[in-house]
Amino acid sequence: MTDDGAPVYEARYGWDRRTVGILAICAAFTAALLLPDMPLFARVLGLPLFGGGGLFMAFVALSRKVAFRVDETGVLLGGSPARYRATTAHVPWSDVTGFVFWRQTVGGGTTLPYVGVTRREGSPALPGDGPTARAVLGALVPVPPEVAMSSRAVNGWRLDRDRLAAAVAHFAPGVPVYDQS
44 MTDDGAPVYE ARYGWDRRTV GILAICAAFT AALLLPDMPL FARVLGLPLF
94 GGGGLFMAFV ALSRKVAFRV DETGVLLGGS PARYRATTAH VPWSDVTGFV
144 FWRQTVGGGT TLPYVGVTRR EGSPALPGDG PTARAVLGAL VPVPPEVAMS
194 SRAVNGWRLD RDRLAAAVAH FAPGVPVYDQ S
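Shown next as structure tokens:
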């Protein structure tokens with residue numbers, strides 16, 4: 044909430060079910076790799092992968108960086124945890140034309156939820172935008188590349204659709220929220 048009671052929506056990286064699960068798997072494999080009879084090649088390959096991966100996941104969860112924010116200035120698309128500053132983007136309300144919930148298949152029938160912003164034509168490019176990125180996204184995602192560029196995976200943080208919708212309704216009445224998931 045802002046000082047005037049406006050319903051700011053903010054989601055931060057932290058502990059969610061997927062993060063805890065991956066961290067538990069990394070811890071189990073790391074512990075197994077430390078058993079006395081484990082071959083050296085397994086340790087050399089596995090410890091950086093599982094130990095390092097687990098430490099990175101814990102770092103992201105503990106960082107509490109903003110993953111997604113809707114306030115009176117617009118929408119903050121939090122960056123990738125590994126390159127947060129370089130990949131964080133702000134979209135002012137004057138460029139926002141809608142919000143989209145969508146899902147991407149990531150393998151084995153598993154899907155990853157996303158929340159994105161549709162923007163007016165001619166809006167400034169976001170970090171990572173370019174012809175190569177658009178071509179790849181056009182072939183891989185079920186939404187237009189423009190929407191994918193202004194989307195964030197709901198991974199490592201929790202999305203509260205009702206609170207998000209309330210913030211959008213307060214700060215930008217009439218901006219639609221689409222559910223393509």
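Following our numbering, the numbering of the sequence shown begins with 44 at its first residue and continues without gaps. Virtual Cβ for every residue (Gly too), placed ideally from N, Cα, C.
Less than 8 Å between CB atoms is the rule here; does glycine 57 satisfy it with respect to chain C? The structure shown contains no chain C; it holds only a single protein chain.
Do you know whose CA, among Val149, Thr116 and Gly121, lies nearest valine 139's CA? Nearest of Val149, Thr116 and Gly121 to valine 139, Cα basis: Thr116.
Can you look up glutamate 164 in the DSSP assignment and give me helix, strand or coil? Three-state DSSP puts glutamate 164 in coil, outside helix and strand.
Would you kindly report the start and end of the unbroken beta strand (DSSP E) that includes arginine 112? 109 to 114 is the span of the beta strand (DSSP E), which, as asked, contains arginine 112.
Tell me where the alpha helix (DSSP H) around alanine 49 begins and ends. Unbroken run through alanine 49: none, as it is neither H nor E.
Per DSSP, cross-strand counterpart(s) of glutamine 147: For glutamine 147, which the question treats as bridged, DSSP gives the partners Leu155.
Per DSSP, aspartate 222 is paired with what? Under DSSP, aspartate 222 forms a beta bridge with Phe144.
Rounded C-alpha distance that separates alanine 70 from proline 219: Near 43 Å, if we compare the C-alpha coordinates of proline 219 and alanine 70.
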